[in-house]
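Here the sequence shown is numbered in the numbering used here, starting from 553 and rising by one per residue. No residue lacks a Cβ here, since even glycine has one placed at the ideal position from N, Cα and C.
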Amino acid sequence: MRVRYINSQNYSVDFVDANILPTSGYLHQRKWNTTIENDSVSLSIGNYTYTITLTLRGSLKERKETLDKMCDIFELDCINETPGTLYFGDYYIKCYIVSSNTSIANINTRTNVELGIFCIKQEWIKEKKYNLVMYDDKSDQTGIKKYTYRYPFLYSNQKGAVQAINDSLADADFIMRFYGPCANPYIKVGNILYQVNTSLMAGEYLEINSTDNTIFCFSVYGEKRNLFNYRDMSRSDFFTKIPSGSNVVGWDGTFKAELIILDKRTEPRWL
553 MRVRYINSQN YSVDFVDANI LPTSGYLHQR KWNTTIENDS VSLSIGNYTY TITLTLRGSL
613 KERKETLDKM CDIFELDCIN ETPGTLYFGD YYIKCYIVSS NTSIANINTR TNVELGIFCI
673 KQEWIKEKKY NLVMYDDKSD QTGIKKYTYR YPFLYSNQKG AVQAINDSLA DADFIMRFYG
733 PCANPYIKVG NILYQVNTSL MAGEYLEINS TDNTIFCFSV YGEKRNLFNY RDMSRSDFFT
793 KIPSGSNVVG WDGTFKAELI ILDKRTEPRW L
């Protein structure tokens, strides 16, 4: 079982390895916030703090070095106010390690450290990725009807289609990435169209993130530009979530793309 914390600067601590073992506390806890008003119940997901005890083994020198390393890794995120990521198997959650309490274990070659793990939102995420490939055969381009920039959608036979499964209990957030070169790229999930009216050069990619409601283009040099105002305006909610269940995902095959479905839960599935 892989349980690992990676801080905002990509330094990591394994919570399960040859000299570290969780001996108290659980990540499988959940809590919904409840509000009652006029006999109506409202529920929401808020922040949450897990308490986990790790037992370290080894020589006293080795344990002190491990404790110092852990403190430095955890402290960086708190100082910079930038969360790290805790991984449990295939799931991850954004969090800070906000407290630690060190004590001597029953065996003199063991040290216990109790960690307070503050999660901004009790939302464990598992990513499921679907790769949408580009087709090399250009013969099918004959007869494609392409409107002007004002009406950029391509009307043609759908060249690419995959079946994407959202096995979450509810409609899911997503990340879509389109890779250049391409013009006015789109992905259609069922009858839901996600299109951005722009052109991407080779080496550039465009990312739609429904969690943050953002659309950004990234250049080969790491430059970032906001393309929010270039989104398709045919419906009010451009960032419509992916419906639960099976969905047919289509694109015209002239570019490479990927769809990442985000399965969000208040506790990770048991391994």
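How close, in whole Å, do the beta carbons of Y757 and R729 come, if the pair is a contact with beta carbons under 8 Å?
About 5 Å separates the two Cβ atoms, so the contact holds.
Helix, strand or coil, according to DSSP, for T792 in the structure here?
Three-state result, T792: coil.
In terms of residues, what are the limits of the alpha helix (DSSP H) holding I631?
From DSSP, the alpha helix (DSSP H) with I631 extends over L612 to N632.
Run through DSSP, which three-state label would F768 get?
Residue state, collapsed to three classes: strand.
Is the segment 557 to 565 touching the segment 632 to 642, taking contact as three or more C-beta pairs under 8 Å?
Flag = yes, the segment 557 to 565 and the segment 632 to 642 touch.
May I have the straight-line CA-CA distance separating P819 from V565, to the nearest angstrom?
The question names Pro, but residue 819 is Glu in the sequence shown. If I take the Cα positions, the gap works out to 21 Å.
Counting beta carbon pairs with one atom in the segment 673 to 685 and one in the segment 618 to 626, are three or more of them shorter than 8 Å?
The segment 618 to 626 is not in contact with the segment 673 to 685.
Output the boundary residues of the beta strand (DSSP E) element that contains Y682.
It spans W676 to L684 - the beta strand (DSSP E) in which Y682 sits, taken as one unbroken run.
Between the segment 572 to 585 and the segment 600 to 610, do at least 3 Cβ pairs fall closer than 8 Å?
Yes, the segment 572 to 585 touches the segment 600 to 610.
Quick check on F567: does DSSP put it in helix, strand or coil?
In the structure shown, F567 sits in coil (DSSP, three-state: anything other than H, G, I, E or B).
Should L811 be labelled buried (16 or more other beta-carbon atoms within 10 Å of its own) or exposed?
Counting Cβ neighbours within 10 Å, L811 comes out buried, since at least 16 surround it.
According to DSSP, simplified to helix, strand and coil, what is N658?
N658 falls in the coil class under three-state DSSP.
Would the beta-carbon of P733 fall within 8 Å of that of A809?
Against a cut-off of 8 Å, the Cβ pair of A809 and P733 comes out as no contact.
With DSSP run on the structure shown, which of helix, strand or coil describes Y578?
Correct three-state label for Y578: coil.
Within 10 Å of its beta-carbon, does S594 have 16 or more other beta-carbons around it, so buried, or fewer, so exposed?
Looking at its Cβ environment, which holds fewer than 16 other Cβ atoms inside 10 Å, S594 is exposed.
Roughly how many whole angstroms lie between the Cα atoms of M553 and G797?
Answer to the nearest angstrom: the Cα atoms are 28 Å apart.
Within a Cβ cutoff of 6 Å, which residues of the same chain sit near V650, ignoring the five residues on either side of it in sequence?
Cβ neighbours of V650 beyond the five flanking positions: G668 and F670.
With a floor of 3 residues, list each beta strand (DSSP E) that falls wholly inside the segment 718 to 764, ordered by position along the chain.
Counting only runs of 3 or more, we get 725 to 731, 738 to 741, 744 to 747 and 757 to 761.
Are Y648 and W676 touching if we call contact CB-CB under 8 Å?
Contact: no.
Using CA atoms only, rank isn't needed, just tell me which of T607, S611, K613 and K646 is closest to N658.
Considering only alpha carbons, the answer is T607.
By the three-class DSSP mapping on this structure, what secondary structure does T700 have?
With a pLDDT of only 40 at T700, under the threshold of 50, the placement of this residue in the model should not be trusted, and no figure is reported.
Give me the residue from G742, E589 and L752 with the minimum Cα distance to R515.
Examination of residue 515 is not possible in this model, given that the chain is present from 553 through 823 alone.
Going by other Cβ atoms of all chains shown within 10 Å of its Cβ, with 16 needed for buried, is R821 buried or exposed?
Burial call: exposed.
Rounded to a whole number of angstroms, what is the C-alpha to C-alpha distance between R631 and N743?
Here the sequence assigns Ile to residue 631, which means Arg is not the residue at that position. Taking the straight line joining both Cα atoms gives about 46 Å.
Could you check the C-alpha separation between S720 and D815 for me, to the nearest Å?
Their backbone Cα atoms lie some 5 Å apart in a straight line.
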